[in-house]
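Residue numbering for the sequence shown follows the numbering used here, starting at 86 and increasing by one per position. Even glycine gets a Cβ: it sits at the ideal position worked out from N, Cα and C. The structure appears below as structure tokens.
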Amino acid sequence: MEFENLNKINTPKDLEKIEDLNKLCEEIRGKLIDTISKNGGHLASNLGAVELTVALHKVFNSQDDAIVWDVGHQSYTHKILTGRFNSIDTIRKEGGLSGFTNRFESDYDKFISGHSSTSISAALGLAEAKRISGNKGNVVAVIGDGALTGGLAYEGLNNAGRFKKNFIVVINDNKMSISRNVGSMARYLTCMRIRPSYMRLKSTIERTLNKVPLIGGQLKNVARRSKYAIKGFLANNTLFESMGFNYYGPIDGHDVNELIRVFNIVKNIDHPIVVHVLTSKGKGYKFAEKNPKKFHGISAFDVQTGLTAKTQGSFSNEFGKSMCELAETNKKICAITAAMTSGTGLTEFAEKYKERFFDVGIAEEHAITFAGGLAAGGMLPVFAVYSSFLQRGYDQIIHDAALQKLRMVFAIDRCGLIGEDGETHQGIFDVAFLNSIPNVTIYCPSFFDELDSMLFDAVYKCKNVAVVRYPRGGQPLKPLSYKYNGGTFDLYGDKDADTLIVTYGRLFSYACQARLKLVKQDKKVCVMKLNVIKPLDREAVLFASSYKKIFFFEETIRAGGVGERFGCNLAEYGFSGRYVLNAIDNTFVKHASVESQLKKFSFDTEGIVNKILMECYND
């Protein structure tokens with residue numbers, strides 16, 4: 086595809102050179118499809134936001150104004166228009182562009198956004214900063230309808246409605262988050278979509294009053310203030326107007342000229358504004374339009390067929406199968422997701438057990454407390470959530486779950502290093518923040534069969550809060566001679582060796598492979614796999630204390646992790662040998678392939694081998 090117009094754009098100001106903006110939008114879509122088909126990424130949401138992004142950069146001055154994107158996965162067009170067209174092919178690749186907005190990547194990215202519902206609060210902070218410092222310029226927050234289910238969005242709206250200057254919230258309404266939107270806000274926006282006549286009539290009245298010589302403006306102000314005037318006459322009011330915003334919409338989000346017209350109007354209004362824009366997720370690519378859930382976040386695919394490479398199964402799908410089996414015999418089991426039905430493997434459960442399945446939308450805090458209520462009412466809730474998103478519910482885990490000794494299960498997906506989504510999505514903090522909470526048991530399966538068994542134990546054997554954590558994707562290589570014994574820890578290799586590797590989760594596979602390589606070099610090694618990392622089994626620590634050299638490998642943040650606790654417990658038992666802890670030390674992990682990330686931290690087979698040889702045999 087030729088990029089006649091895109092090649093002219095180095096900054097948003099260059100949009101002035103483009104005569105046919107619709108042609109430009111076609112070129113952008115072509116580039117997005119081509120790039121994401123090779124790199125993977127968020128396709129459907131970006132295809133839906135092309136015209137909206139072009140219109141925003143056409144109207145607003147990027148040097149003085151600020152555009153804050155909610156869940157920056159819809160910002161690929163924004164990156165293209167802000168000087169990154171020539172590097173867009175590197176997106177989500179190691180050393181390349183981030184798949185989200187990143188203020189360290191470009192001055193045009195005003196705020197890092199990988200999680201949802203943050204844009205309004207962040208944008209309001211930027212607007213207040215402009216006001217205090219006397220800087221000119223508009224501030225625009227772009228938020229999806231799915232992100233409006235997050236409580237933080239309402240907190241931001243509630244506060245922003247009192248702002249005394251221009252502040253614009255653009256709702257990019259594509260009727261979806263990842264799964265189809267649920268809840269009252271989704272129904273409310275549906276109602277707003279089917280009543281454009283109200284807004285057209287309101288606008289017509291205001292335009293008419295403005296034309297009345299001398300007194301038209303006064304009449305309009307009187308009408309706005311009057312309880313029984315325009316709003317009363319039309320017998321309607323929007324939620325946003327009640328919160329202090331002027332509402333404009335709904336507007337066709339794929340009519341770039343209409344968007345430009347509306348943005349030129351609202352940018353001059355000295356008041357908070359909501360612009361409601363209707364878009365289609367996957368616009369312009371038939372496969373994404375037909376299946377926006379699949380193409381929300383997708384791996385590399387064939388452009389002509391829309392097909393991705395076949396996978397060998399995943400922990401998410403295995404979890405979903407196990408949940409269905411458990412729910413068949415236990416009528417108390419309920420499943421909860423925060424807008425991630427398919428992502429967490431619960432699609433089949435949602436179909437089979439509708440009365441016991443709850444998609445609460447993007448609302449992790451609510452999900453946990455809701456689960457607490459279910460548990461207090463005698464049910465057995467299982468909340469399936471990504472590790473990085475569970476961070477949002479830390480207070481609820483403490484106050485509404487663990488403190489009350491409620492029987493509930495957290496199935497934590499995407500634990501450890503997750504690859505190309507990068508810093509905002511790495512699942513490396515859950516162990517550290519869960520380690521500090523009483524009444525919590527944490528299971529760590531390495532393989533599918535262990536996930537099934539540990540989920541069963543979490544449901545039937547654990548009396549308080551149980552956590553089952555597992556990585557993204559498929560299971561690693563399983564040693565032929567290894568067999569899970571159902572206990573808190575397992576041993577593999579030479580028990581009479583003087584060197585012990587301790588680990589858990591998928592790193593066990595790499596540790597076993599490293600052991601085989603060391604054996605070939607006449608180095609005897611034993612591997613201990615922790616199946617339960619909280620509480621630590623005293624017997625496991627006592628057994629380990631008999632070794633001369635202990636290497637602990639942990640695919641999480643070092644501070645507060647299991648390795649630190651293990652080392653402290655060893656000291657209590659009088660361990661005087663050599664203890665080496667290898668974990669992620671005080672850093673946020675940038676985007677790259679999982680393989681590259683594992684290698685970087687010496688978590689892969691070669692890294693483990695080299696670490697042991699360097700520490701033990703190069704003295």
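Please give the ranges of any alpha helix (DSSP H) in the segment 372–430, keeping only runs that are unbroken, at least 4 residues long and fully inside the region. Listed in chain order, they are 400–414.
In chain order, which continuous runs of the beta strand (DSSP E) of length 3 or greater are located wholly inside the segment 146–218? For the segment 146–218, whole beta strand (DSSP E) runs of length 3 or above, ordered along the chain, are 151–154.
Buried versus exposed call for Arg247 [16 or more other C-beta atoms within 10 Å across all chains shown]: With fewer than 16 other Cβ atoms within 10 Å, it is exposed.
Are the beta-carbon atoms belonging to Ser198 and Glu240 less than 8 Å from one another? No.
Distance check for Glu104 and Val137, CA to CA, integer angstroms please. Correcting the residue identity first, residue 137 is Leu in this sequence and not Val. Approximately 17 Å between the Cα atoms of the pair.
If you draw a straight line from the alpha carbon of Asp119 to that of Ala129, how long is it in whole angstroms? Asp119 and Ala129: Cα-Cα distance of roughly 13 Å.
If you check the beta carbons only, do Ser538 and Tyr569 fall under 8 Å apart? By the CB criterion at 8 Å, Ser538 and Tyr569 fall inside the cutoff.
Cβ of Tyr187 within 8 Å of Cβ of Thr162? Strictly speaking, residue 187 in this sequence is Asn, with Tyr absent from that position. For the 8 Å CB-CB criterion, Asn187 and Thr162 do not form a contact.
Closest to Asp670 by CA distance: which of Gly662, Ile642, Arg663 is it? For the residues Gly662, Ile642, Arg663, the minimum Cα distance to Asp670 belongs to Ile642.
Could you spell out the range, first to last residue, of the alpha helix (DSSP H) harbouring Leu141? Annotation: the continuous alpha helix (DSSP H) that includes Leu141 extends over 135–144.
Can you tell me whether Leu106 is helix, strand or coil according to DSSP? It is helical.
When we look at the beta-carbon of Asp259 and count the other beta-carbons within 10 Å, is it buried (16 or more) or exposed? Position check: residue 259 holds Asn in this sequence, whereas Asp was assumed. Here Asn259 is buried. Its C-beta has 16 or more other C-beta atoms within 10 Å.
Return the chain-ordered list of same chain residues with a C-beta closer than 7 Å to the C-beta of Gly157, the five sequence neighbours on each side being excluded. Cβ within range, chain order: Phe185, Thr186, Ser198, Gly199.
Enumerate in chain order the residues of its own chain whose CB-to-CB distance from Thr323 is below 6 Å, with the five nearest sequence positions on each side excluded. For Thr323, where only same-chain residues beyond five positions count, the Cβ hits under 6 Å are Tyr332.
What ranges does the beta strand (DSSP E) occupy inside the segment 653–689, keeping only unbroken runs of at least 3 residues that lie completely in it? 663–669, all fully within the segment 653–689.
Asp581 classed as buried or exposed, judged by whether at least 16 other C-beta atoms fall within 10 angstroms: Label assigned to Asp581: exposed.
Could you spell out where the alpha helix (DSSP H) holding Thr454 opens and where it closes? Taken as a continuous stretch (DSSP letters only), the alpha helix (DSSP H) holding Thr454 covers 449–461.
If you run the structure through DSSP and keep just helix, strand and coil, what is Ala226? In this structure, Ala226 counts as strand in the three-state DSSP scheme.
Would you mind stating whether Gly646 and Ile383 have Cβ atoms separated by less than 8 Å? Remark: C-beta atoms of Gly646 and Ile383 do not approach each other more closely than 8 Å.
Please identify the residue among Arg216, Ala420, Asn402 whose C-alpha is closest to the C-alpha of Met493. The shortest CA-to-CA distance from Met493 to any of Arg216, Ala420, Asn402 is the one to Ala420.
Measure the beta-carbon distance from Phe145 to Asn223 and round it to whole angstroms, keeping in mind my assumption that it falls under 8 Å. That belief holds up - the Cβ atoms of Phe145 and Asn223 are roughly 6 Å apart, short of 8 Å.
If you draw a straight line from the C-alpha of Phe651 to the C-alpha of Asn520, how long is it? Across the structure, Phe651 and Asn520 are spaced so that their CA atoms are roughly 12 Å apart.
Taking C-alpha atoms, which residue in Gly558, Trp154, Val617 lies nearest to Asn402? For Asn402, the nearest C-alpha among the options comes from Gly558.
Determine the DSSP secondary structure at Tyr479, reduced to helix, strand or coil. Secondary structure of Tyr479 (DSSP, three-state): helix.
Three-pair Cβ contact test at 8 Å for the segment 621–639 versus the segment 664–682: The segment 621–639 is in contact with the segment 664–682.
Candidates Lys563, Tyr370, Glu374: closest to Gln389 by CA position: A check of alpha carbon separations from Gln389 across Lys563, Tyr370, Glu374 identifies Tyr370 as the nearest.
Quick one: using the 10 Å Cβ neighbour count with 16 as the cut-off for buried, is Pro97 buried or exposed? Residue environment analysis places Pro97 among the buried positions, since at least 16 neighbouring C-beta atoms fall within 10 angstroms of its C-beta.
For Phe495, which residues of its own chain have a beta-carbon under 6 Å away from its beta-carbon, when the five flanking residues on both sides are left out? Taken in chain order, the residues that qualify are Phe468, Val552.
Does the Cβ-Cβ distance between Val359 and Gly338 come in under 8 Å? Note that the C-beta distance between Val359 and Gly338 is not below 8 Å.
Let me know if Glu101 comes out buried or exposed under the rule of 16 or more other beta-carbons within 10 Å of its beta-carbon. By the 10 Å Cβ count, Glu101 comes out exposed.
Taking DSSP's pairing of strands, which residues face Met493 in a bridge? The partner list for Met493 (beta bridge, DSSP) reads Val550.
Count Cβ pairs between the segment 391–399 and the segment 459–479 that sit closer than 8 Å; are there 3 or more? Output reads no: the segment 459–479 does not touch the segment 391–399.
With a 10 Å radius around its C-beta and 16 neighbouring C-beta atoms as the bar for buried, classify Asn107 as buried or exposed. Asn107 should be labelled exposed.
Meets three-Cβ-pair contact criterion under 8 Å: the segment 223–233 and the segment 431–445: In this structure the segment 223–233 does not touch the segment 431–445; the number of beta carbon pairs closer than 8 Å is below three.
Return the CA-CA distance between His127 and Ile121, expressed in angstroms with no decimal places. Cα-Cα distance, rounded: 7 Å.
In this structure, how does DSSP classify Gly317 when only helix, strand and coil are distinguished? For Gly317, the predicted model reports a pLDDT of 33, less than 50, meaning its position is unreliable and no value from the coordinates is stated.
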